[in-house]
Structures are given as structure tokens and as C-alpha cells.
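Here is the structure we will look at, set down as C-alpha cells.
Protein chains: 4
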Amino acid sequence: MTHADRKRKPGRPRSDQSRQAILQASLDLVREIGYPATTVEGIAARAGTGKQTIYRWWRSRADIVLEALNATATREIPLPDTGSLSGDLLEFLRATFVAGRRAGTVPVLRALMAQAQHDPEFHTEFESKFLRRRREVLVEVLRRHPDELRVPVPIAVDVVFGVLWYRILATHGPLDAALARHLTALLIQ
Amino acid sequence: MTHADRKRKPGRPRSDQSRQAILQASLDLVREIGYPATTVEGIAARAGTGKQTIYRWWRSRADIVLEALNATATREIPLPDTGSLSGDLLEFLRATFVAGRRAGTVPVLRALMAQAQHDPEFHTEFESKFLRRRREVLVEVLRRHPDELRVPVPIAVDVVFGVLWYRILATHGPLDAALARHLTALLIQ
Amino acid sequence: MTHADRKRKPGRPRSDQSRQAILQASLDLVREIGYPATTVEGIAARAGTGKQTIYRWWRSRADIVLEALNATATREIPLPDTGSLSGDLLEFLRATFVAGRRAGTVPVLRALMAQAQHDPEFHTEFESKFLRRRREVLVEVLRRHPDELRVPVPIAVDVVFGVLWYRILATHGPLDAALARHLTALLIQ
Amino acid sequence: MTHADRKRKPGRPRSDQSRQAILQASLDLVREIGYPATTVEGIAARAGTGKQTIYRWWRSRADIVLEALNATATREIPLPDTGSLSGDLLEFLRATFVAGRRAGTVPVLRALMAQAQHDPEFHTEFESKFLRRRREVLVEVLRRHPDELRVPVPIAVDVVFGVLWYRILATHGPLDAALARHLTALLIQ
DNA sequence: GGTTAAACGAGACGGTACGTCAGGTCTTCGT
DNA sequence: ACGAAGACCTGACGTACCGTCTCGTTTAACC
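Protein chains in written order, with the numbering used here: chain A, 92 to 280; chain B, 92 to 280; chain C, 92 to 280; chain D, 92 to 280.
This is the structure in C-alpha cells:
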């Protein structure tokens with residue numbers, strides 16, 4: 092197990108300080124002035140970097156924001172284990188909805204989902220680095236008791252995240268305990 | 092009591108020919124080059140009108156496309172009546188999914204939903220003039236047999252359209268007969 | 092030889108009220124907001140007429156302003172007769188300079204001369220309906236004592252109006268009694 | 092003692108190639124299609140630059156054309172020294188009139204003088220960077236023999252440039268040797 | 001400890017589209 | 001037919017950002 096070839100390239104290494112400043116600036120701007128008004132020039136100005144530094148490391152605004160989102164939010168995908176499917180599912184929904192109610196999160200999610208509709212490459216990125224990871228946790232939960240589900244696991248996953256996103260994107264309906272209970276009741280038995 | 096004074100405004104009346112050309116051009120362009128590349132200037136050029144004529148009557152690209160969508164698609168919201176809830180729901184889903192598979196429709200839907208995430212005024216417009224109308228048809232169907240549903244009507248509506256939109260926006264999963272069957276089975280009894 | 096055919100045209104006659112309102116509005120606007128900001132739309136709005144009414148009777152803004160200028164200023168081209176050339180010339184210059192000092196006149200003159208540089212048709216119009224008429228009065232004065240002039244009449248005319256316009260257009264120098272005396276002294280003997 | 096820190100600003104330096112191309116394009120267009128038809132967009136297109144590059148360095152079309160005029164014409168303000176005032180003045184007038192007859196110059200002068208009537212800031216610029224410089228040369232010539240002049244130097248200067256500009260702007264009369272002789276004779280003794 | 005080379009900030013560059021403005025034309029209705 | 005109102009097409013405006021391209025400077029690793 093050789094640990095030697097860690098870093099080889101000559102020249103000045105990438106500045107992690109700039110990276111952090113750019114990620115933070117992008118999140119701040121999305122929350123303060125909204126995603127459409129968040130320009131690369133604005134991020135660079137706020138972060139105190141040059142535009143080139145941004146274009147050197149990211150393909151687009153959306154990639155920056157996605158990376159920023161994952162950097163702050165990844166740690167908290169819960170994988171509950173209460174013993175029963177209904178308990179696990181309820182707990183998963185509760186934890187997910189709590190995250191979705193945290194101020195500043197939903198605007199970012201809406202912006203990224205919107206961007207994914209216009210930019211196929213970012214769609215792939217968003218799917219694989221964000222959406223799929225969430226789904227995988229739910230799949231893990233549901234797989235533990237497949238015979239209690241009224242529909243196949245993939246359908247159940249679509250139902251859960253479908254309702255979640257539909258409320259976020261379309262109706263702005265609440266992500267509350269009532270919804271968690273209804274979904275749990277609907278999917279089980 | 093004369094009811095004759097229908098139209099009174101002086102000046103040249105609005106040209107319906109320009110209006111139609113603009114709506115058609117917007118749909119064509121979205122389908123040919125995609126929504127982000129569909130500019131107001133492009134629509135004006137394709138329609139053979141001035142930009143001012145567009146800005147006089149619409150607030151944004153998205154409003155044009157929404158009006159164009161409604162102009163071509165409104166007629167076909169089905170309201171099935173087969174006698175049973177499961178029959179009606181299945182029929183509603185089939186018809187809806189057929190519309191969703193028609194070439195050129197899904198890209199428009201994705202673009203409008205994306206735009207609604209950035210523009211609150213358009214979100215209101217899109218909700219009231221498109222999304223809500225679709226939901227109302229489904230509510231009408233479900234209301235006929237409320238006691239057969241496993242969840243309250245509003246939850247069932249969110250489930251149906253949630254899954255539909257989640258597949259359109261996020262997973263690009265198919266809108267097929269299998270999905271229709273699963274959803275029907277899930278919601279009834 | 093019938094004298095009856097004075098006026099024959101059918102239809103509604105031209106509204107002199109609109110004509111006056113348009114002329115007055117054009118002068119007012121030039122003085123209030125300057126010539127470049129004086130648009131046909133602005134004149135129409137201020138005069139309470141339609142744009143078409145303006146375009147029917149004048150070729151351009153400049154023609155309107157020229158007509159307005161001539162309508163208010165033509166009456167006062169002085170033709171002095173003091174007995175001596177120096178007296179006549181001094182009097183002509185004094186009267187001309189007084190007119191040039193009246194508030195609101197110089198901006199109009201500058202605007203028309205400027206417009207004449209861009210629009211050959213208006214140049215011809217301005218030359219024949221304004222500039223030449225002024226020159227003809229001076230020629231009339233100078234012709235009475237040609238042998239007292241130190242240069243041919245046309246040169247003397249160019250000198251007088253040249254200095255006048257150069258101060259108006261270029262240096263914004265004063266049109267005062269001192270200048271009148273210097274020019275008179277220069278040209279005579 | 093090093094005086095070397097002449098240039099310090101960070102960032103990409105201004106492109107002199109673009110600057111030259113813009114100046115040349117503006118002169119070409121004024122000569123080919125006239126000043127009013129010479130648009131910023133046209134200059135940018137002809138010069139192969141972006142519009143922003145023009146707006147970054149000049150306030151208006153007129154400033155560009157003035158700079159272009161000065162760049163090509165400044166070198167040739169003659170300062171004759173023949174020994175006599177009449178010789179010097181005649182020579183100054185001849186050289187000036189030759190410049191004024193060069194194809195393409197008069198249209199530019201007319202356009203700039205016209206623009207100066209509408210735009211006070213440009214008037215100041217035009218006065219200080221063009222008109223005054225020409226006057227200063229003549230003043231220098233006249234100052235050498237002040238007692239031979241029939242009027243004070245400033246008046247003589249106004250007479251010379253007044254006639255010159257009046258012919259350029261108003262009568263389109265010739266700038267020829269006869270005029271030079273008449274003016275010289277008029278002003279001297 | 002000097003050389004090399006990449007990343008850095010700054011900011012000008014050629015572009016595209018924006019939304020506005022006014023031009024001059026046209027189409028309707030009312031007088 | 002004239003006059004008002006106002007919609008129409010046209011085209012330029014000046015601005016905002018885009019993504020790229022120099023600049024001179026900074027920072028490590030390599031020799």
C-alpha cells in the first residue's frame with residue numbers, strides 16, 4: 092500500500108480558501124437575491140476571487156451550488172432502524188421533512204431542479220450526486236420489509252419523493268407530520 | 092338598456108394574426124432549440140413581429156409559452172365516467188400519460204415548471220392556469236367515490252401528480268400502463 | 092377668368108387649431124427639454140393631436156420648428172435707414188443682436204443649424220426660408236453705399252453672419268455693442 | 092532614483108488594436124454613410140469589437156469621431172513665419188483652406204459642430220480639443236504684429252473662423268484663394 | 001536558493017440578449 | 001376626409017453577463 096503518489100503536479104496548488112469562499116458566496120447569494128440573479132461575476136466579487144478561478148474548477152453556477160449543498164447537507168441522510176417498517180418510514184419522512192423546512196434549503200433545491208431541466212449534463216450530475224443518494228437511503232429502509240409494501244419498492248420511492256417534490260415545486264404545500272402519516276398509511280400493508 | 096357598447100377603445104385594434112404567429116413561433120422554437128435558447132428576439136424574428144409587440148402583451152417568454160400550451164392542449168382534459176372509481180382513475184391516468192408522451196409536450200412542461208421556480212409571478216400563473224385545472228379534473232373523478240380511497244382526496248391528488256412530475260422532472264421514468272395500474276391499486280380500498 | 096376656384100377640396104378642412112398647437116408645443120418643448128429630447132410623439136402628446144396629423148403636414152421635427160420660428164420671428168427683420176452706411180450697419184447689427192439675445196431664440200437657432208448638417212433637404216429649406224432672408228436684408232443695407240465697403244458685399248455679408256454664427260455655435264461669445272462697433276469699423280472705408 | 096513605476100494597474104491592458112480599429116471604422120462610416128447613420132453598433136461591427144469596448148472608453152459617437160479626427164489631423168496645424176503679417180496670415184489661410192478641402196474632412200467637421208449643439212459636454216470637449224487649438228495658432232500668428240491689425244486679435248480670430256465655419260455650415264461657399272485674399276486685406280492696416 | 005509552473009486577482013476582450021425608446025406606417029372609430 | 005388614438009414593424013440604444021484572454025503576482029515543488 093504505497094501512499095507516495097499523493098500529489099505530484101508542479102506549480103501553485105489550488106487554494107482551498109478560494110474554494111470555500113466561492114461555495115459560501117454562492118449559497119449566500121442564492122438565499123439573498125435568488126438563483127437567477129446569482130451570477131458568476133457576483134459570486135467572484137463576493138468571494139474576492141477572479142472569474143477565471145471559478146471557471147477553472149466548475150462548469151457552471153449550478154455545479155457550484157450543488158457542491159455547496161452537498162458540502163453542508165450530505166452528512167444528515169438518516170437511516171432509521173426502529174424495528175418496524177412503519178416506524179422506519181415515518182422516521183425517514185420526519186427527518187427528511189425537517190431538513191426540507193430548514194430556511195434556505197428549499198430555494199436551493201428548487202433552483203437546482205429548475206436548472207436540471209435546461210442543462211442535461213447538470214441533470215445527470217444532480218441525479219447521481221443528490222437525488223439518487225436520497226433514494227438509496229429510502230430503498231434501504233423499504234428493502235428490509237418488502238412484503239409489507241402495497242407496491243413494488245421503486246414505485247413506493249417514486250410516490251414518496253414525488254409528493255415531496257411536487258409540494259416543493261408546484262403547490263408549496265407543507266411538509267408536515269400529517270403528510271408523513273398519510274404516506275406511511277398509504278404505502279403499508 | 093342597451094347592451095351594445097361592447098367594444099369602445101379607439102385606435103388600431105390588436106392584431107390576432109401577430110398573436111397567433113407569436114404563440115406558434117414560441118412553441119416551435121422551444122421544440123427545435125430548447126427553452127433556454129428561445130429568446131424574445133428569436134420569437135419576434137420567427138413570428139415576423141417586433142419585440143415591442145411581444146412586450147406589450149406578455150410579461151415574459153414563459154407567459155407566451157404557457158398561453159401557447161393552453162391554447163393547444165386545454166381541450167383534452169378527459170373526465171372519464173366508467174361507473175367505477177378504479178375504472179375512472181385508470182382511464183384518467185391513461186389519457187394523461189398519453190398526453191405526456193406526445194412529442195414536444197414534456198420539454199415544454201419541464202421548461203415551464205423550471206421557470207416557475209425562478210419567477211414567483213409566473214408560478215402563480217402556472218399554478219392557476221395549468222396545474223390547478225388538471226388537479227380539479229382529478230378531484231372531480233375522486234369525489235364520486237370518496238369512501239373507496241385509502242387517503243383523503245387532496246393527498247391522493249398529490250400522489251398522482253407528484254409521481255407524474257417526479258418522473259418528468261427527475262428520473263425521466265416512463266409514464267406507462269404499469270405505473271397507472273400501480274397507482275390505481277395503491278390508492279383504492 | 093373666374094375667380095371662384097379659391098378652395099375646392101372636399102372633406103374636412105385642415106384644423107388650424109391643431110396647426111397652432113403643434114407649432115407652439117414644438118417651441119415649448121425645445122425650450123424646456125432641448126431639441127434632441129423633443130420627439131414627434133412628445134409634440135403630439137403636448138399638442139393633443141395624433142402623430143399622423145404631424146406627419147401629414149411636416150416632413151420632420153426640424154420643419155415644424157423652422158415654421159414655428161418663422162411664424163414668431165419673421166416680422167422683425169429691420170431695414171434701417173439712418174442716412175449713413177455706418178449708422179445703418181450699426182443699427183442692423185444692434186437689432187439683430189437684440190433678437191439673438193432674446194431668451195429661447197438661440198437654442199432654437201443652434202438646433203436648426205445642427206439639423207441642417209444632417210439633413211440636406213432641411214438644409215435647403217433652412218437656407219432659403221431663414222438664412223437667405225436675413226442675408227438679403229443686410230445686402231440691401233450694404234448695397235446703398237458699396238464704395239464705402241472695404242470688401243465686396245458678399246464677403247462683408249459672410250463676415251457679419253460668420254462672426255454671429257461662430258459665437259452662437261462655437262464660442263458662445265456675447266453678441267454685444269462692442270462686437271457691433273468692431274465689425275462696423277472693420278468693414279467700412 | 093528610479094522613476095520606472097509608470098504602469099501599475101492590474102488586469103488585462105487595453106487593446107490598442109481595438110482602439111485603432113474603432114477610430115478608423117468611425118471615420119470610414121461617417122464618410123460612407125454619413126454621421127446620423129453611423130451607429131455605435133455599426134462601428135463595433137465594422138471594427139470587429141464588442142459594443143461594451145466602445146462604451147468603456149468613449150462617452151458617445153461624437154467623442155470617437157473627435158478623437159479620430161484629432162489623431163489624423165492634429166499634426167498639420169501650420170505656424171507660418173514669412174516675415175510679414177500679411178504673408179503669415181495668407182499662408183495660414185491657404186493651409187487651413189487646403190485642409191478644409193480635403194475630401195472627407197468637411198462632413199466630419201459639420202457632424203461634430205452639429206453634435207456640439209445638442210450635447211454640452213461634447214461642446215466643451217470639441218471647443219477645448221479642437222476649436223481652441225486652431226484659434227491658438229492664429230492668435231500666435233497675429234500676436235507677432237498686433238499694431239498692423241485693424242481690430243483686436245480676438246475679433247480678428249472670430250472673423251477668420253466665423254467666415255470659415257459659416258461657409259462650411261451654412262452656405263457651402265468655397266474656401267479658396269480669393270477668400271483668403273479678401274480676409275487678409277480686410278484685417279490688415 | 002534560484003528556477004519552473006500552475007493558480008491567483010484583476011479586468012479588458014468579442015459576443016448575445018436584454019428591455020426600452022422613438023421612428024414612421026397602418027388601421028380603426030368618431031366627428 | 002380629417003383627426004385622435006393606438007397597435008404595428010423596425011432598428012438602435014445602453015446595460016448586464018457570458019466565457020475567454022491577457023497581465024503581473026504569489027506559492028510550492030524541484031533542482
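Just so you know, even glycine gets a beta-carbon here, dropped at the ideal spot from N, CA and C.
Quiz item: Cα-Cα, which of V250/A, R192/A, F217/A is closest to L277/B?
Solution: As a first step, residue 277/B is located in the second sequence; it is residue number 186 there, counting from the start. Distances from the CA of L277/B to each of V250/A, R192/A, F217/A were compared; the closest alpha carbon is that of V250/A.
Quiz item: Within the chosen definition, does the stretch 226-236 of chain A reach the stretch 150-164 of chain A through at least 3 CB pairs nearer than 8 Å?
Solution: Taking 8 Å as the limit for Cβ pairs, the verdict is that the stretch 150-164 of chain A does not touch the stretch 226-236 of chain A.
Quiz item: Counting Cβ pairs closer than 8 Å, one from the stretch 208-226 of chain A and one from the stretch 253-262 of chain B, do we hit at least three?
Solution: A contact exists between the stretch 208-226 of chain A and the stretch 253-262 of chain B.
Exercise. Measure the alpha-carbon distance for A116/B versus R137/B and round it to whole angstroms.
Key: Taking the first residue of the second sequence as 1, we reach residue 116/B at position 25. Taking the first residue of the second sequence as 1, we reach residue 137/B at position 46. Answer to the nearest angstrom: the Cα atoms are 6 Å apart.
Exercise. State yes or no: is the C-beta of P171/B within less than 7 Å of the C-beta of F183/B?
Key: On the second sequence, position 80 is the one that residue 171/B refers to. On the second sequence, position 92 is the one that residue 183/B refers to. For P171/B and F183/B, yes; Cβs fall inside 7 Å.
Quiz item: With DSSP run on the structure shown, which of helix, strand or coil describes R124/A?
Solution: In the first sequence, the residue the question calls residue 124/A occupies position 33. According to the sequence as given, residue 124/A is Ile; it is not Arg. I124/A falls in the helix class under three-state DSSP.
Quiz item: How is L240/B classed by DSSP in three states: helix, strand or coil?
Solution: As a working note, residue 240/B is residue 149 in the second sequence. L240/B falls in the strand class under three-state DSSP.
Quiz item: Which term fits R234/B, buried or exposed, when burial requires 16 or more other beta carbons within 10 angstroms of its beta carbon?
Solution: Mapped onto the second sequence, residue 234/B falls at position 143. R234/B counts as exposed, since fewer than 16 other C-beta atoms from the protein chains shown sit within 10 angstroms of its C-beta.
Practice problem: Consider the Cβ of H236/D: report whether some Cβ of chain C lies at a distance smaller than 7 Å. | Solution: Taking the first residue of the fourth sequence as 1, we reach residue 236/D at position 145. H236/D does not count as touching chain C.
Exercise. Compare the Cα-Cα distances from R223/C to each of E212/D, Y257/D, V248/D and report the closest residue.
Key: Here residue 223/C is taken as the residue at index 132 of the third sequence, counted from 1. The residue from E212/D, Y257/D, V248/D with its alpha-carbon nearest to that of R223/C is Y257/D.
Quiz item: Is it buried or exposed for R97/C, if we count other Cβ within 10 angstroms and need 16 for buried?
Solution: On the third sequence, position 6 is the one that residue 97/C refers to. Summary for R97/C: the model assigns pLDDT 37, below 50, so the residue's position carries little reliability, and this model does not support an answer.
Quiz prompt | Of the residues A194/C, V254/C, G139/C, the one placed nearest T113/C, counting alpha carbons only | solution = As a first step, residue 113/C must be located in the third sequence, where it is residue number 22. Just to set this straight, residue 113/C is Ile in the shown sequence, not Thr. Of the listed residues, the one whose Cα sits closest to I113/C is G139/C.
Quiz item: Can you name the start and end residues of the alpha helix (DSSP H) that W148/A belongs to?
Solution: Taking the first residue of the first sequence as 1, we reach residue 148/A at position 57. Element bounds for W148/A: 142-148.
Quiz item: Residue range of the alpha helix (DSSP H) that F217/C falls in?
Solution: Against the third sequence, residue 217/C aligns to sequence position 126. It spans 211-217 - the alpha helix (DSSP H) in which F217/C sits, taken as one unbroken run.
Exercise. Kindly indicate if chain C contains any beta-carbon less than 7 Å away from that of P211/D.
Key: To locate residue 211/D, count along the fourth sequence from 1; it is residue 120. Judged by the 7 Å Cβ criterion, P211/D is not in contact with chain C.
Quiz item: Between D96/C and chain D, is there a C-beta pair that is closer than 7 Å?
Solution: Working through the third sequence from its first residue, we reach residue 96/C at position 5. Only weak support exists for where D96/C lies, its pLDDT of 37 falling under 50; the value from the coordinates is given anyway. Cβ-Cβ to chain D under 7 Å: no for D96/C.
Practice problem: Kindly indicate which three-state DSSP category I279/D falls into: helix, strand or coil? | Solution: One-based indexing of the fourth sequence puts residue 279/D at position 188. Under the three-state reduction of DSSP, I279/D is assigned to strand.
Quiz item: Got a sec, what are the start and stop residues for the alpha helix (DSSP H) I134/D sits in?
Solution: Walking along the fourth sequence from the start, residue 134/D turns up at place 43. Segment 131-138, the alpha helix (DSSP H) holding I134/D.
Quiz item: Hey, how far is the Cα of S109/A from the Cα of D119/A?
Solution: If you number the first sequence from 1, residue 109/A lands on position 18. If you number the first sequence from 1, residue 119/A lands on position 28. When rounded, the distance between both Cα atoms is 15 Å.
Practice problem: Note down, in chain order, every chain D residue with its Cβ under 8 Å from the Cβ of R241/C. | Solution: Residue 241/C sits at position 150 when you count from the first residue of the third sequence. Neighbours of R241/C in chain D, taken as residues whose beta carbon is under 8 Å from its own, are A276, L277 in chain order.
Quiz prompt | Environment of G194/B [buried if 16+ CB atoms lie within 10 Å] | solution = Your numbering for residue 194/B matches position 103 in the second sequence. Strictly speaking, residue 194/B in this sequence is Ala, with Gly absent from that position. Per the 10 Å Cβ criterion, exposed.
Quiz item: Does the beta carbon of Y146/B sit closer than 7 Å to a beta carbon anywhere in chain A?
Solution: By one-based count along the second sequence, residue 146/B stands at place 55. It does not: the Cβ of Y146/B has no partner Cβ on chain A nearer than 7 Å.
Quiz prompt | is_contact[P127/B, chain A] using C-beta, thresh 7 Å | solution = One-based indexing of the second sequence puts residue 127/B at position 36. Interface annotation, P127/B: in contact with chain A, CB-CB separation under 7 Å.
Exercise. Could you check which residue in L255/B, Q280/B, R150/B has the C-alpha nearest to that of L270/B?
Key: Here residue 270/B is taken as the residue at index 179 of the second sequence, counted from 1. Nearest C-alpha to L270/B: L255/B.
Quiz prompt | Cβ neighbour criterion (16 or more within 10 Å) applied to T43/A | solution = The displayed coordinates of chain A run from 92 to 280. Any statement about residue 43/A would go beyond what the structure contains.
Quiz item: Of all the CB atoms in chain D, is at least one closer than 7 Å to the CB of R122/C?
Solution: Translated into the one-based positions of the third sequence, residue 122/C becomes position 31. Answer no: the Cβ-Cβ gap between R122/C and chain D never drops below 7 Å.
Self-check item: Member of R147/B, P104/B, E123/B, S177/B whose CA lies at the smallest distance from the CA of R272/B
Solution: Position 181 of the second sequence holds residue 272/B. Comparing Cα positions, the closest option is S177/B.
Practice problem: Name the two residues that bound the continuous alpha helix (DSSP H) containing S177/B. | Solution: Indexing the second sequence from 1 puts residue 177/B at position 86. Per DSSP, S177/B belongs to the alpha helix (DSSP H) from 176-192.
Quiz prompt | Unbroken alpha helix (DSSP H) run spanning R226/B, endpoints | solution = To locate residue 226/B, count along the second sequence from 1; it is residue 135. That run of the alpha helix (DSSP H) goes 223-234.
Self-check item: Per-residue contacts from R258/A into chain B (C-beta, under 9 Å)
Solution: Within the first sequence, the letter at position 167 stands for residue 258/A. The contacting residues are D249, G253.
Quiz item: Whole-angstrom Cβ separation of D210/A and S151/A, contact assumed at under 8 Å?
Solution: If you number the first sequence from 1, residue 210/A lands on position 119. If you number the first sequence from 1, residue 151/A lands on position 60. Correct: roughly 7 Å between the Cβ atoms.
Quiz prompt | C-alpha distance - T129/D paired with R103/B, whole-angstrom precision | solution = Within the fourth sequence, the letter at position 38 stands for residue 129/D. Within the second sequence, the letter at position 12 stands for residue 103/B. Within the model, the alpha-carbon separation for T129/D versus R103/B is close to 33 Å.
Quiz item: Which of the three DSSP states, helix, strand or coil, is assigned to G102/B?
Solution: Within the second sequence, residue 102/B is the residue found at index 11, counting from 1. Collapsing the DSSP output to three states places G102/B in coil.
Quiz item: How many angstroms separate the CA atom of G125/D from the CA atom of T196/D?
Solution: Here residue 125/D refers to the residue found at position 34 when the fourth sequence is read from its first residue. Here residue 196/D refers to the residue found at position 105 when the fourth sequence is read from its first residue. If I take the Cα positions, the gap works out to 12 Å.
Quiz item: Taking the alpha carbon of P245/C as the point to measure from, which residue in L274/D, I246/D, A247/D has its own alpha carbon closest?
Solution: Locating residue 245/C in the third sequence gives position 154, where the first residue counts as 1. Residue L274/D is the option with its Cα nearest to P245/C.
Quiz item: List, in order along the chain, the chain C residues whose C-beta lies closer than 9 Å to that of E227/D?
Solution: Along the fourth sequence, one-based indexing puts residue 227/D at 136. Correct list: empty, because the minimum Cβ distance to chain C is about 13 Å.
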